[in-house]
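Let me begin by presenting the structure, written as structure tokens, before commenting on it.
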Amino acid sequence: MVASLYPNEEIRMEVRKHCEHDLYFLCKVILGYDKLQPVPHQELCDFIERDYRKKLLVGARGIFKTTIGTIGRAIQLAMRDANTKILVAAKTIDVAAGLIVSEIKRQYEFNERLRQLVPEQLPKSRMVQPWSTRALQLTRSESRGQPTFMAAGVEKQLAGFHVDHILGDDIVAATRDDLKEGGLIIIPPEEVDKAIGWYKLTMRGLSMNDPDPSKYTRTQFIVNRWAVRDFAEYIITHHSQADIPSSSRFAVKIMGAHRPDGSLLWPGVMGERKLHADLRDMGDFMYWTQVE
């Protein structure tokens, strides 16, 4: 039997409540992502936790966007309510399952700090409850149909069910075949069109509309830039403008290696010397899309 990590029930519940409303604390202290630092990750966490119906985060590669915004956020949402239904989407279902849901699964299976915070949510029987890298169902107080966490890819349209949260993570991404000489990345236009089409059709089918705005499906995309015309450009151009109703408008945050005023986003890790080396090694195009 594993010893309790929390001195008493009162402290355990205090820590849990703190995690439900402090994503930075949850990710760094409970989930063990100890490379996170107050600058810039508190800022990233604050954006992810804001209660926008739709949000888009575009950021430099390597700043733990997926770790915080998809993995950590999914666990936080389930910690608040195990009855919730969360769709985790990526370019393919194998990526969503293998890189994201698998890490969520690992946390619930092996992280005692998390397990002891949510003992009532742990699966009572993996023979009965879905428990794989494609679908994870925590123990619930009510029947909801779909599992707590479900992986999906944009290669397949989804229909016939609804979810509370949609967490999309790099639903367009380059492959080795897309990398050209000199650091140029050329993603086939049909890949971008497929992601946009998936957004238009699947989001409408999966989203729950309700007279109570607090019950609307929340949609979040975390992306890297890949081209002048890519998924991020589509959302920013067509779905984030001020004349769009607030219930449909995306809140957008861009976290490049340099802030708009020229200061560094993550001075202790992504300093000027490293960024100059990255520019030299990656080439202009890849550097400006993936880092800035």
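Each residue of the sequence shown is one higher than the one before, starting from 3 at the first, in the numbering used here.
Where is the CB? At the ideal position from N, CA and C, for every residue including glycine.
On a predicted model such as this, the values are computed, not experimentally measured, just so you know.
Note to self: If I follow the unbroken beta strand (DSSP E) through residue 254, where does it start and stop?
What the structure shows: Taking the first residue of the sequence shown as 1, we reach residue 254 at position 252. Residue 254 -> beta strand (DSSP E) spans 252-257.
Item to check | Sequence-distant residues of its chain with Cβ nearer than 7 Å to residue 20 (five each side left out) | outcome: Within the sequence shown, numbered from 1, the residue matching residue 20 stands at position 18. Contacts found: 27.
Next item on the list: Provide the residue span of the alpha helix (DSSP H) that contains residue 115, from first to last.
Entry: Locating residue 115 in the sequence shown gives position 113, where the first residue counts as 1. Segment 114-119, the alpha helix (DSSP H) holding residue 115.
- Starting from residue 225, follow its DSSP beta bridges and name the residues at the other end. By one-based count along the sequence shown, residue 225 stands at place 223. Note: residue 225 sits in a beta bridge opposite 60.
Check: So, using beta-carbon positions, are residue 165 and residue 193 closer together than 7 Å?
Finding: Counted from its first residue, the sequence shown places residue 165 at position 163. Counted from its first residue, the sequence shown places residue 193 at position 191. No, the pair does not count as a contact, with Cβ atoms beyond the cut-off.
Quick one, which of 189, 280, 143 and 262 has its alpha-carbon nearest residue 93's? The residue labelled residue 93 in the question sits at position 91 within the sequence shown. It is 189.
Is the distance from the Cβ of residue 84 to the Cβ of residue 123 below 7 Å?
Counting from one through the sequence shown, the residue named residue 84 turns up at place 82. Counting from one through the sequence shown, the residue named residue 123 turns up at place 121. Taking 7 Å as the Cβ cut-off, residue 84 and residue 123 qualify as a contacting pair.
| said: residue 76 and residue 155 - do their beta-carbons sit closer together than 7 Å? | reply: Along the sequence shown, read from residue 1 onward, the residue named residue 155 stands at position 153. Along the sequence shown, read from residue 1 onward, the residue named residue 76 stands at position 74. No, the pair does not count as a contact, with Cβ atoms beyond the cut-off.
Residue 105 and residue 65 closer than 7 Å at C-beta:
On the sequence shown, position 103 is the one that residue 105 refers to. On the sequence shown, position 63 is the one that residue 65 refers to. Taking the C-beta atoms as reference points, residue 65 is found no nearer than 7 Å to residue 105.
Report the rounded CA-to-CA distance for residue 111 versus residue 81, giving the unit in angstroms. Locating residue 111 in the sequence shown gives position 109, counting from the first residue. Locating residue 81 in the sequence shown gives position 79, counting from the first residue. The C-alpha of residue 111 lies about 15 Å from the C-alpha of residue 81.
Those residues which DSSP pairs with residue 171 across a bridge: Working through the sequence shown from its first residue, we reach residue 171 at position 169. For residue 171, which the question treats as bridged, DSSP gives the partners 224.
query: Any idea which residues DSSP pairs residue 155 with across the strands?
result: As a first step, residue 155 must be located in the sequence shown, where it is residue number 153. BP columns for residue 155 point to 92.
*asked:* Suppose the cutoff is 8 Å on Cβ atoms and the five residues either side in sequence are ignored; what does the same chain contact list for residue 96 look like?
replied: The count along the sequence shown starts at 1 and reaches residue 96 at position 94. Cβ within range, chain order: 155.
Query - Nearest residue (CA-CA) to residue 62, options 244, 224 and 232 - result: Translated into the one-based positions of the sequence shown, residue 62 becomes position 60. Each of 244, 224 and 232 was checked against the Cα of residue 62, and the nearest Cα belongs to 224.
field: Collapsed DSSP secondary structure at residue 138 in the structure displayed
entry: For this step, residue 138 is matched to residue 136 along the sequence shown. Residue 138 falls in the strand class under three-state DSSP.
query = Using the C-alpha atoms, what's the distance from residue 13 back to residue 31?
reply = Position 29 of the sequence shown, counted from the first residue, corresponds to residue 31. Position 11 of the sequence shown, counted from the first residue, corresponds to residue 13. Roughly 15 Å between the two C-alpha positions.
inquiry  = When you compare the CB positions of residue 7 and residue 118, do they come within less than 7 Å of one another, or not?
reply    = For the purposes of this step, residue 7 is taken as residue 5 along the sequence shown, with counting starting at 1. For the purposes of this step, residue 118 is taken as residue 116 along the sequence shown, with counting starting at 1. Closer than 7 Å, so yes.
Original post:
Would DSSP call residue 4 helix, strand or coil?
Top reply: Indexing the sequence shown from 1 puts residue 4 at position 2. Three-state result, residue 4: coil.
Residues of its chain near residue 36, where Cβ-Cβ distance is below 8 Å and the 5 sequence neighbours each way are ignored
Here residue 36 corresponds to residue number 34 of the sequence shown, with the count starting at 1. Only 30 meet the Cβ criterion.
| query | For residue 79, which of helix, strand or coil comes out of DSSP? | reply | Position 77 of the sequence shown, counting from 1, holds the residue named residue 79. Residue state, collapsed to three classes: helix.
query = Near residue 168, what residues of its chain come up, given a Cβ to Cβ distance below 6 Å and the 5 sequence neighbours on each side ignored?
reply = Here the question's residue 168 lines up with position 166 in the sequence shown. Excluding residues within five positions, the ones whose Cβ falls inside 6 Å are 89 and 221.
Practice problem: Per DSSP, which residues does residue 133 bridge with? Please list them. | Solution: Taking the first residue of the sequence shown as 1, we reach residue 133 at position 131. DSSP lists 138 as partners of residue 133.
Taking the straight line between their C-alpha atoms, what separation do you get for residue 293 and residue 259?
Along the sequence shown, read from residue 1 onward, the residue named residue 293 stands at position 291. Along the sequence shown, read from residue 1 onward, the residue named residue 259 stands at position 257. Distance between the alpha carbons of residue 293 and residue 259: 6 Å.
key: residue 244, buried or exposed, once every other Cβ within 10 Å from all chains shown has been counted against 16   = Against the sequence shown, residue 244 aligns to sequence position 242. Residue 244 is exposed by the Cβ-count criterion.
Item to complete: Just mark residue 60 as buried or exposed, buried being the case when its beta carbon has 16 or more other beta carbons within 10 Å.
Response: Mapped onto the sequence shown, residue 60 falls at position 58. Label assigned to residue 60: buried.
Anticipated Cβ contact below 8 Å, residue 50 with residue 71, distance rounded: Counting from 1 along the sequence shown, the entry for residue 50 is found at position 48. Counting from 1 along the sequence shown, the entry for residue 71 is found at position 69. About 5 Å; that satisfies the 8 Å criterion.
Query raised in the report: For residue 260, which beta-bridge partners are listed by DSSP?
Result: Within the sequence shown, residue 260 is the residue found at index 258, counting from 1. The partner list for residue 260 (beta bridge, DSSP) reads 266.
Self-check item: Alpha-carbon to alpha-carbon, residue 278 and residue 146
Solution: Walking along the sequence shown from the start, residue 146 turns up at place 144. Walking along the sequence shown from the start, residue 278 turns up at place 276. When rounded, the distance between both Cα atoms is 51 Å.
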